[in-house]
Amino acid sequence: MKKFDSLLIYAYGGPESMEDVEPFLRNIAQGKRISEKRMAEVLAHYALFDGRSPMNGTIRKFMRLWAENVPEVPVFFGCRYAKPALKETLRQMAEEGKRRPLVFIPSPFGGYLTTYLEKWTQVRDELSEELGEDVFSEAQFFPPFSENAHFLDAAEAVISETLKSLPAEQQT
């Protein structure tokens, strides 16, 4: 395998405003009905963040830092359920001649990896057909980090520090 030529952050995605929340949820549901009660609950949760997924800002901050520190390897952002959509991002990458991305899925839930890969394969195949060439067949994926010792140690440290800051009666 050749060295990667780009970094792709392939995320779940999230809304950027309150107006984006309902369409985002309907995209996730993929045609299944969402009860009005559940929709109201989720809208209330997103209202706490003005309709923005905190993850989007974190990813964009990382992208800025990456671009400053590793400018020779461009970084891209594509989502399963929100904008920028994975297909739009992969199309842009193909237009820029990028074919060997290193793909990072920023989810600690290893069980979801199959659904990410299914969507990846679907989009890659659609683009390959549209462009008349096999695109992204040399992509490399970071392994899931849900069982990585460094990730678990870091998570444990943050949880321990947070618990220590709580009153004793709330630490159990």
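Quick note on numbering: my numbering labels position 111 of the sequence shown as 117, and the sequence is numbered without any gaps.
Note that beta-carbon positions come from the ideal geometry of N, C-alpha and C, so glycine has one too.
A quick note: this is a predicted structure, and the numbers were derived from the prediction, not measured.
Using the three-state DSSP reduction, which class does residue i fall into: helix, strand or coil?
{"i": "residue 27", "result": "helix"}
{"i": "residue 171", "result": "coil"}
{"i": "residue 177", "result": "coil"}
{"i": "residue 16", "result": "strand"}
{"i": "residue 76", "result": "coil"}
{"i": "residue 112", "result": "coil"}
{"i": "residue 157", "result": "helix"}
{"i": "residue 107", "result": "strand"}
{"i": "residue 68", "result": "helix"}
{"i": "residue 182", "result": "In this structure the chain extends from 7 to 178, so residue 182 is not present and cannot be described."}
{"i": "residue 63", "result": "helix"}
{"i": "residue 166", "result": "helix"}
{"i": "residue 58", "result": "coil"}
{"i": "residue 32", "result": "helix"}
{"i": "residue 22", "result": "coil"}
Would you mind giving the Cβ-Cβ distance between residue i and residue j, rounded to the nearest angstrom? I have them listed as a contact below 8 Å.
{"i": "residue 88", "j": "residue 21", "result": "6 Å"}
{"i": "residue 151", "j": "residue 114", "result": "6 Å"}
{"i": "residue 49", "j": "residue 27", "result": "6 Å"}
{"i": "residue 15", "j": "residue 83", "result": "5 Å"}
{"i": "residue 112", "j": "residue 65", "result": "7 Å"}
{"i": "residue 92", "j": "residue 67", "result": "Contact doesn't hold; Cβ gap of about 21 Å is too wide."}
Identify the continuous alpha helix (DSSP H) that holds residue i and give its terminal residues.
{"i": "residue 49", "result": "42 to 53"}
{"i": "residue 129", "result": "119 to 137"}
{"i": "residue 89", "result": "From DSSP, residue 89 is part of no alpha helix (DSSP H); its letter is neither H nor E."}
Where do the ends of the beta strand (DSSP E) carrying residue i lie?
{"i": "residue 84", "result": "81 to 85"}
Let me know if residue i comes out buried or exposed under the rule of 16 or more other beta-carbons within 10 Å of its beta-carbon.
{"i": "residue 104", "result": "buried"}
{"i": "residue 166", "result": "exposed"}
{"i": "residue 95", "result": "buried"}
{"i": "residue 23", "result": "exposed"}
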